[in-house]
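K.L.:
Numbers 4 to 215, taken from our numbering, label the letters of the sequence shown in order.
Encoded as structure tokens, here's the structure I'll be asking about.
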Amino acid sequence: MTAISLEPLDLAALLCSRVCHDVISPVGAIVNALEVLEEDDPSMKDFALDLIKKSARNASARLQFARLAFGAAGSAGAMIDLGDAGSVANGFLNDEKLSLDWEAPRALLPKNQVKLVLNLLVLATQAIPRGGKITCRCTVTGEQGNFAITATGSHARIPAHVEDLIAGRSETGAIDAHAVQPLYTGMVARAAGMKIAFAIEGDTVSIGAEPA
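Now the structure itself:
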């Protein structure tokens with residue numbers, strides 16, 4: 004494995020590409036539904052309106068999640084409420100395929116710790132590609148959080164190359180938009196002074212984060 008060398012502008016571009024990829028689907032559905040409405044077919048009006056409402060909520064949830072997980076979320080040294088993080092995580096993850104069980108106190112933590120747990124939830128979804136249940140347990144001592152996440156579902160697996168990417172390594176030393184999220188997760192973990200561990204048993208993948 005080779006250490007990944009990435010210019011700040013390239014990192015920003017890859018993260019933007021990742022966020023756009025997440026939002027394109029619901030926005031595209033809204034555009035399609037509006038085109039249906041323009042056809043003035045009364046039998047399709049209710050379907051189109053329902054699709055617009057559902058897709059708009061989906062796009063909003065994805066953007067709110069991205070704002071906390073990838074965005075600045077305030078100035079340097081800012082604190083974020085775990086309760087707010089739980090709200091955006093529930094809005095983003097709970098759907099027909101996934102369910103999230105979030106357990107955390109209403110507490111303020113340094114922003115990089117909160118960004119870390121949200122990014123770990125994204126990795127948890129990748130561990131159960133066919134869907135399932137994700138649990139997230141956050142404990143807080145002072146301004147230090149500890150995070151324990153499990154992802155349970157059919158064909159569960161530790162995402163390919165994720166541990167190397169978190170450590171800042173890849174086979175070639177280069178990455179694409181699909182690999183930037185675990186790389187970024189590792190960068191956030193190091194900025195927060197925390198370490199990440201993966202384990203798998205049966206159909207359950209466990210992801211833990213604690214002070215390094």
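Note that the Cβ used here is the ideal one computed from N, Cα and C, for glycine as well.
Check each candidate in D167, N61, D44, L71 and name the one with the smallest Cα separation from F95.
P.N.:
The sequence position of residue 95 within the sequence shown is 92, counting from 1. Of the listed residues, the one whose Cα sits closest to F95 is N61.
K.L.:
Does K114 pass the burial test, meaning 16 or more other C-beta atoms within 10 Å, or should it be called exposed?
P.N.:
Taking the first residue of the sequence shown as position 1, residue 114 is located at position 111. Under this definition K114 is a buried residue.
K.L.:
Measure the CB-CB distance between T138 and D98 and report whether it falls below 7 Å.
P.N.:
The residue given as residue 138 occupies position 135 in the sequence shown. The residue given as residue 98 occupies position 95 in the sequence shown. Going by C-beta atoms, T138 is not nearer than 7 Å to D98.
K.L.:
Whole angstroms is fine: what's the gap from M4's alpha carbon to E174's?
P.N.:
Along the sequence shown, read from residue 1 onward, the residue named residue 4 stands at position 1. Along the sequence shown, read from residue 1 onward, the residue named residue 174 stands at position 171. Their Cα atoms are separated by approximately 5 Å.
K.L.:
Express the C-alpha separation of I152 and L123 in angstroms, rounding to a whole number.
P.N.:
Here residue 123 refers to the residue found at position 120 of the sequence shown. Here residue 152 refers to the residue found at position 149 of the sequence shown. Roughly 8 Å separates the two Cα atoms.
K.L.:
Could you tell me which of R140, R160, L121 sits nearest to G134, measuring between CA atoms?
P.N.:
For this step, residue 134 is matched to residue 131 along the sequence shown. Taking only the C-alpha atoms, the option nearest G134 is R160.
K.L.:
Might you give, ordered along the chain, the residues of its own chain that have their beta carbon closer than 8 Å to the beta carbon of D179, omitting 5 neighbours on each side?
P.N.:
Locating residue 179 in the sequence shown gives position 176, where the first residue counts as 1. Excluding positions up to five away in sequence, the list reads L17.
K.L.:
What residue range does the beta strand (DSSP E) around N149 cover?
P.N.:
Counting from one through the sequence shown, the residue named residue 149 turns up at place 146. That run of the beta strand (DSSP E) goes 147-155.
K.L.:
Mark G205 as exposed unless 16 or more other C-beta atoms lie within 10 angstroms of its C-beta, in which case mark it buried.
P.N.:
Taking the first residue of the sequence shown as position 1, residue 205 is located at position 202. Exposed: under 16 other Cβ atoms inside 10 Å.
K.L.:
Considering P162, what are the terminal residues of the alpha helix (DSSP H) in which it resides?
P.N.:
Here residue 162 refers to the residue found at position 159 when the sequence shown is read from its first residue. Looking at the DSSP string, P162 is not in any alpha helix (DSSP H), and its letter there is neither H nor E.
K.L.:
Determine whether the beta carbon atoms of A182 and M197 lie at a separation below 7 Å.
P.N.:
Counting from 1 along the sequence shown, the entry for residue 182 is found at position 179. Counting from 1 along the sequence shown, the entry for residue 197 is found at position 194. Contact flag unset, no.
K.L.:
Starting from I83, trace the beta strand (DSSP E) both ways and give me its first and last residue.
P.N.:
Reading the sequence shown from its first residue, position 80 is the one you call residue 83. It spans 82-84 - the beta strand (DSSP E) in which I83 sits, taken as one unbroken run.
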